[in-house]
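Accompanying notes for the structure given below.
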Amino acid sequence: DNRLNRLIQTNISNLAGVPSIIYGMLGLAIFVRTLEPLTSGALFGAGDPGTANGRTILSAGWTLALLVLPLIIINAQEAIRSVSASLRQASYGLGATRWQLLCHAIVPAALPDILVGLRIAMGFAWTTLVAAEMVAATQGLGQMVLNASNFLRTDIVVMGIFVIGTIALLLDALLRRLERWLLPWHGR
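Going left to right, the sequence shown walks through residues 137 to 324 as the numbering used here numbers them.
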């Protein structure tokens with residue numbers, strides 16, 4: 137537990153406590169405005185420099201990744217800490233090196249909890265995305281539901297909510313399938 141580890145841990149803990157709206161403003165400042173040539177594609181000649189503004193799926197994806205990164209890191213740390221000391225000692229007793237211990241004992245034992253953290257992070261990112269669409273977008277499912285509710289179009293509101301929920305279920309099912317593929321021995 138050296139000074140660098142404490143500094144990194146403090147920053148991760150601080151990032152975990154930052155509200156989602158601040159990440160949105162950070163994404164707007166960094167990914168949309170500062171990195172506009174990169175996120176709009178103008179740097180590579182893929183977009184029209186006159187109309188490119190950096191508000192792309194790339195900048196949104198980076199912002200959401202930054203939003204859930206502390207959650208994923210903290211969950212992975214706790215998963216690794218929860219690996220039993222007896223497993224570590226048994227691996228060393230059988231002659232494992234630190235690298236072998238990590239690859240063949242710690243990561244396989246911690247992976248189920250890490251994947252649960254990924255599922256939680258995916259759900260958090262999805263709900264944040266839909267909420268951001270409702271507040272600050274001109275298109276998207278969230279904006280469609282909000283506009284329909286303003287015009288009392290209950291059929292569109294219900295269908296939009298159904299689609300949002302279905303996408304969330306599909307994302308969760310995808311991560312569950314990944315879990316079954318990576319961990320065929322787990323949960324059986």
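Here a beta-carbon is modelled for each residue, glycine too, at the ideal position from N, C-alpha and C.
Exercise. Does the pairing of the segment 230 to 237 with the segment 190 to 200 give three or more beta-carbon distances under 8 Å?
Worked result: no
Exercise. For the ligand ATP, is there a heavy atom less than 7 Å away from the beta-carbon of residue 297?
Worked result: As far as ligands go, the structure on display features none, and thus does not contain the ligand ATP.
Exercise. Touch check for the segment 165 to 178 and the segment 239 to 250: three-plus C-beta pairs under 8 Å?
Worked result: no
For this session: Would you check if the distance between the CB atom of residue 284 and the CB atom of residue 292 is smaller than 8 Å?
Result: yes
Problem set entry | Residues of its chain near residue 211, where Cβ-Cβ distance is below 6 Å and the 5 sequence neighbours each way are ignored | 253
For this session: Over the uninterrupted alpha helix (DSSP H) stretch that includes residue 152, give me the two end residues.
Result: 139 to 152
For this session: Output the distance between the C-alpha atoms of residue 275 and residue 192, rounded to the nearest integer angstrom.
Result: 12 Å
Exercise. Exposed or buried, which one is residue 180 when buried takes at least 16 other CB atoms within 10 Å?
Worked result: exposed
Exercise. Expressed to the nearest angstrom, what Euclidean distance is found between the alpha-carbon atoms of residue 217 and residue 312?
Worked result: 23 Å
Problem set entry | From 261, 224, 251, 222, residue whose alpha carbon lies closest to that of residue 317 | 251
For this session: With a cut-off of 8 Å on the beta carbons, I'd call residue 167 and residue 207 a contact; round off their distance for me.
Result: Wrong, their Cβ atoms sit about 19 Å apart, outside the cutoff.
For this session: List the whole-angstrom C-beta distance separating residue 203 from residue 264, where the pair is believed to meet the contact cut-off of C-beta under 8 Å.
Result: 6 Å
Problem set entry | Own chain, CB closer than 6 Å to residue 148, minus 5 neighbours either side, in chain order | 206, 209
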